[in-house]
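Numbering (our numbering), first residue to last: 6 to 160.
Quick notes on the structure that follows.
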């Protein structure tokens, strides 16, 4: 369950939040997009009941892949699978007339650790600030694998 303070979503954004949550609840199922089951609210908070995702995010997965001990061919194969799943999820959203607008490593989450690491789900997490150490590290990792991603897209 995701809990959000209404004070941070006031005004026009509150109406937009309700509309988008309703659209996400009515979205056709996709293996690569998080399922929103229900949404509730009280005077202070929005409560959104989401599919359980406990496998960590792509940020953590790429930390492991960028370790020096892995073969570059193996890393490319893993990145190719994850990027393919990500593109499928974006295609599904675009077919529904939606645009994600916040695709980043922390918003791509795996359902379970070690069970099926190639079924990432696109979700939305709180925005990081530019000064965030995690955001700076994610840019470092992104630059480190950019050559691999370039080769994946080219092929």
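For glycine and all other residues, C-beta sits at the position ideal for the given N, C-alpha and C.
Please name the residue in 66, 44 and 23 whose C-alpha comes closest to that of residue 113. Checked all of 66, 44 and 23; the closest Cα to residue 113 is 66.
Kindly provide the ranges of any beta strand (DSSP E) runs that are 3 or more residues long and lie completely inside the segment 42-99, ordered along the chain. Here the runs fully enclosed are 50-55.
From 83, 38, 13 and 100, pick the residue whose C-alpha is nearest to that of residue 58; which is it? The candidate whose alpha carbon is nearest that of residue 58 is 38.
Thinking C-beta only, is residue 50 closer than 7 Å to residue 6? In terms of Cβ geometry, residue 6 and residue 50 do not form a close pair [threshold 7 Å].
Please return the same chain residues whose Cβ sits closer than 7 Å to the Cβ of residue 116, not counting the five positions on each side in sequence. Its chain contains 58, 60, 124 and 126 as the residues whose beta carbon lies nearer than 7 Å to that of residue 116, once the 5 sequence neighbours on both sides are disregarded; these appear in chain order.
For residue 70, count neighbouring Cβ atoms within 10 angstroms of its own Cβ and tell me buried if that reaches 16, exposed if not. When all chains shown are included, residue 70 counts as buried.
Among 94, 40 and 46, whose alpha-carbon lies nearest the alpha-carbon of residue 10? The shortest C-alpha separation from residue 10 is found at 46.
Who are the Cβ neighbours of residue 132 in its own chain at under 8 Å, not counting the five residues just before and after it? Residue placement at residue 132 is poorly supported in this model, since its pLDDT is 33, which falls under 50; the coordinates still yield a value, given next. Shown here for residue 132: same chain residues with a beta carbon closer than 8 Å to its own, the five before and five after excluded, namely 107 in chain order.
Could you spell out where the beta strand (DSSP E) holding residue 127 opens and where it closes? Run containing residue 127: 125-127, per the beta strand (DSSP E) assignment.
Out of 77, 54 and 33, which has the shortest C-alpha to C-alpha gap to residue 43? Here the closest residue by C-alpha is 54.
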